[in-house]
Amino acid sequence: MRTLVRASLSVALGILLGSGAAPAQSTPGPSTSVTDAAEAQQLVFLLQYVGSDYGGAVANGRIVDEAEYRENRDFAALIVERFGRLRSSMPPAKASPLEVAVRKLDELVSARADARVVKGVTEAAILLAVQAFDLRSFPRERPDPVLASRLYAESCTPCHGVSGGGDGPRAKELNPPPARFTDPARMNTAAPYLFYNAITLGVPNTSMASFSDSLSDQERWDLAFYLWTFALPRGEGAPPPPLTLSLRDLATRSSADLAPEVLRQAAARGQSIDGPRALSWLAHLRVHPPSLSHPQQQLARLRQDLERSVALVARGDTDSATDLVTNAYLAEFEPLEGELDRRDGGVRQRFEHGLIEFRAAVRRGDRQAALAIVQTLEETAGQAEQLLVPGGARKGPNTRLALVLLLMAAALGGVLLVWRIGKETGVG
Ligand code: HEC
Numbered sequence: 065m066r067t068l069v070r071a072s073l074s075v076a077l078g079i080l081l082g083s084g085a086a087p088a089q090s091t092p093g094p095s096t097s098v099t100d101a102a103e104a105q106q107l108v109f110l111l112q113y114v115g116s117d118y119g120g121a122v123a124n125g126r127i128v129d130e131a132e133y134r135e136n137r138d139f140a141a142l143i144v145e146r147f148g149r150l151r152s153s154m155p156p157a158k159a160s161p162l163e164v165a166v167r168k169l170d171e172l173v174s175a176r177a178d179a180r181v182v183k184g185v186t187e188a189a190i191l192l193a194v195q196a197f198d199l200r201s202f203p204r205e206r207p208d209p210v211l212a213s214r215l216y217a218e219s220c221t222p223c224h225g226v227s228g229g230g231d232g233p234r235a236k237e238l239n240p241p242p243a244r245f246t247d248p249a250r251m252n253t254a255a256p257y258l259f260y261n262a263i264t265l266g267v268p269n270t271s272m273a274s275f276s277d278s279l280s281d282q283e284r285w286d287l288a289f290y291l292w293t294f295a296l297p298r299g300e301g302a303p304p305p306p307l308t309l310s311l312r313d314l315a316t317r318s319s320a321d322l323a324p325e326v327l328r329q330a331a332a333r334g335q336s337i338d339g340p341r342a343l344s345w346l347a348h349l350r351v352h353p354p355s356l357s358h359p360q361q362q363l364a365r366l367r368q369d370l371e372r373s374v375a376l377v378a379r380g381d382t383d384s385a386t387d388l389v390t391n392a393y394l395a396e397f398e399p400l401e402g403e404l405d406r407r408d409g410g411v412r413q414r415f416e417h418g419l420i421e422f423r424a425a426v427r428r429g430d431r432q433a434a435l436a437i438v439q440t441l442e443e444t445a446g447q448a449e450q451l452l453v454p455g456g457a458r459k460g461p462n463t464r465l466a467l468v469l470l471l472m473a474a475a476l477g478g479v480l481l482v483w484r485i486g487k488e489t490g491v492g
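For the sequence shown, the working numbering gives the first residue as 65, with consecutive numbering after it.
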């Protein structure tokens with residue numbers, strides 16, 4: 065049934081996207097129009113579908129589902145075409161890597177490449193598109209499961225059912241039937257960002273409509289995370305121990321992708337758990353996500369990653385080191401950029417340039433240069449840390465101490481003054 069949907073979906077998307085008004089090419093350069101952003105979001109949605117569905121079409125270089133495979137090929141071609149329209153409104157430095165990625169994807173899908181490789185390329189392309197068009201791939205605020213459950217009951221149960229099994233009162237009349245959020249295979253390979261896009265854009269040629277007018281952006285994120293409620297095992301007991309996964313990771317990466325990290329963290333605490341347990345912890349975390357990381361924690365992670373990458377360069381593993389710096393830049397520096405810019409544009413710029421230079425040095429395998437740059441970067445990171453103190457003022461503990469000393473001195477001075485005056489006037 066799904067595959068049938070996909071066939072018509074590709075056609076529908078083609079029509080939908082193809083007939084859209086030509087994007088306003090007002091100002092060339094990095095500022096993108098609203099139309100471009102909307103098209104870029106569609107592009108991301110297509111990439112996400114290939115990333116999550118291709119594994120069901122090809123296994124070990126063989127087609128396991130002919131219809132599904134055809135659709136994935138259609139999608140890959142559509143992605144190249146979509147990109148072609150967007151390219152002219154992108155700065156070349158951002159367009160070229162994305163172009164390489166979408167063309168590679170098309171080639172890989174045609175060649176029935178390994179699903180993991182295909183998924184890796186879709187992920188890289190999504191990151192590039194998100195960056196180039198300034199799309200938001202994770203919520204601004206912590207998703208609220210209480211609010212989401214109310215919204216779900218109001219707007220989604222008629223089709224998806226009270227327990228998310230795709231068996232609401234209207235389900236019988238619908239073809240294709242509504243998605244089942246109880247299906248482990250789907251819930252382990254999808255991510256909230258994909259569901260957010262489905263809720264925002266609708267799924268063409270199905271009864272799944274766009275909720276972008278009736279629900280706010282945050283409400284759509286609330287729902288996208290909440291849907292993992294239905295994937296939780298029944299009578300699921302104690303909540304998982306605190307795990308360090310960012311809201312961004314939980315939003316953009318599937319449970320199957322995140323499970324190894326959960327197993328690693330559990331092992332580091334001396335807990336040995338199995339795969340299904342890791343997946344249920346992840347479902348739990350999506351329904352009860354961690355609060356957004358504190359800017360300073362984020363900065364601390366960034367500094368750790370820089371240190372780790374210097375260590376990797378020292379070991380001669382420049383590929384891993386370069387990946388680490390790239391990821392740290394995207395996941396840890398970028399989210400702070402806006403806030404830093406507001407507080408001190410100079411520090412933001414020095415930080416950014418430092419990171420870019422650092423990455424270049426790491427990539428060259430130039431340990432000496434990397435070490436030199438990382439020292440300057442440390443200084444800038446320290447300045448950034450001061451700027452990001454909640455409240456924004458640069459009141460470090462030292463300033464506070466100085467203030468206390470000053471007050472003490474003033475008080476002492478006052479006492480001395482009173483004492484002197486008293487002595488001179490003979491009162492004391
Ligand atoms: C009129 C029926 C209907 C309503 C109401 C409805 N949906 Fe859907 N939904 C569907 C159908 C049909 C599909 C497509 C299933 C497919 O692709 O095979 C779908 C697909 C989805 C998907 C994509 C799932 C996937 O695996 O890719 C998400 C997410 C989703 N719906 C969430 C919601 C949420 C949240 C609400 C309430 C705000 C909602 N839907 C309301 C019928 C409905």
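Where is the CB? At the ideal position from N, CA and C, for every residue including glycine.
A quick note: this is a predicted structure, and the numbers were derived from the prediction, not measured.
Item	Value
Look at the alpha carbon of S507 and the alpha carbon of A196, and state the distance between them as a whole number of angstroms.	Residue 507 lies beyond the stretch modelled for the chain, which goes from 65 to 492, so this question has no answer here.
Using DSSP bridges, identify the partner residues of A123.	R126
If you run the structure through DSSP and keep just helix, strand and coil, what is A254?	coil
May I ask whether a heavy atom of the ligand HEC can be found less than 6 Å away from the beta carbon of A262?	yes
In terms of alpha-carbon separation, which member of R317, P233, T382 lies closest to L258?	R317
Would you be able to state if there are at least three C-beta pairs under 8 Å between the stretch 346-364 and the stretch 393-406?	yes
Rounded to whole angstroms, what is the Cα-Cα separation between P222 and T293?	17 Å
To the nearest angstrom, report how far apart A364 and G125 are at their CA atoms.	43 Å
Can we count R250 as close to the ligand HEC, meaning its CB is less than 6 Å from some heavy atom?	yes
In whole angstroms, give me the CA-to-CA distance for S201 and A188.	13 Å
Just to check my reading of the structure: L404 and A448 have Cβ atoms closer than 8 Å, yes? What is that Cβ distance to the nearest angstrom?	6 Å
Quick one: give me the first and last residue of the alpha helix (DSSP H) that T221 is part of.	221-224
Mapping DSSP to helix, strand and coil, what is G499?	Look at the range of the chain in this structure, 65 to 492, and you will see that residue 499 is not part of it.
Quick check on the DSSP output: the alpha helix (DSSP H) that includes V166 runs from which residue to which?	156-174
Considering only the beta carbon of each residue, do F245 and G266 sit closer than 7 Å?	no
Is H348 helix, strand or coil by DSSP?	helix
At least one CB of chain D closer than 7 Å to the CB of Y260: is that the case?	The chain labelled as chain D is not found in the depicted structure, where only one protein chain is given.
With V114 as the anchor, note down where its alpha helix (DSSP H) starts and where it stops.	98-117
Any heavy atom of the ligand HEC closer than 6 Å to the CB of A243?	yes
Quick one: what's got a C-beta closer than 6 Å to S152's C-beta in the same chain, skipping five residues either side?	none
At the level of alpha carbons, what is the spacing between V377 and R428?	9 Å
Ordered along the chain, which non-local residues of its own chain (more than five positions away) have a Cβ less than 7 Å from that of F139?	S74, L110, Y113, V114
The alpha helix (DSSP H) spanning D369 covers which residue range?	359-378
Quick one: any contact between the stretch 303-311 and the stretch 230-243, if contact means 3 or more CB pairs under 8 Å?	no
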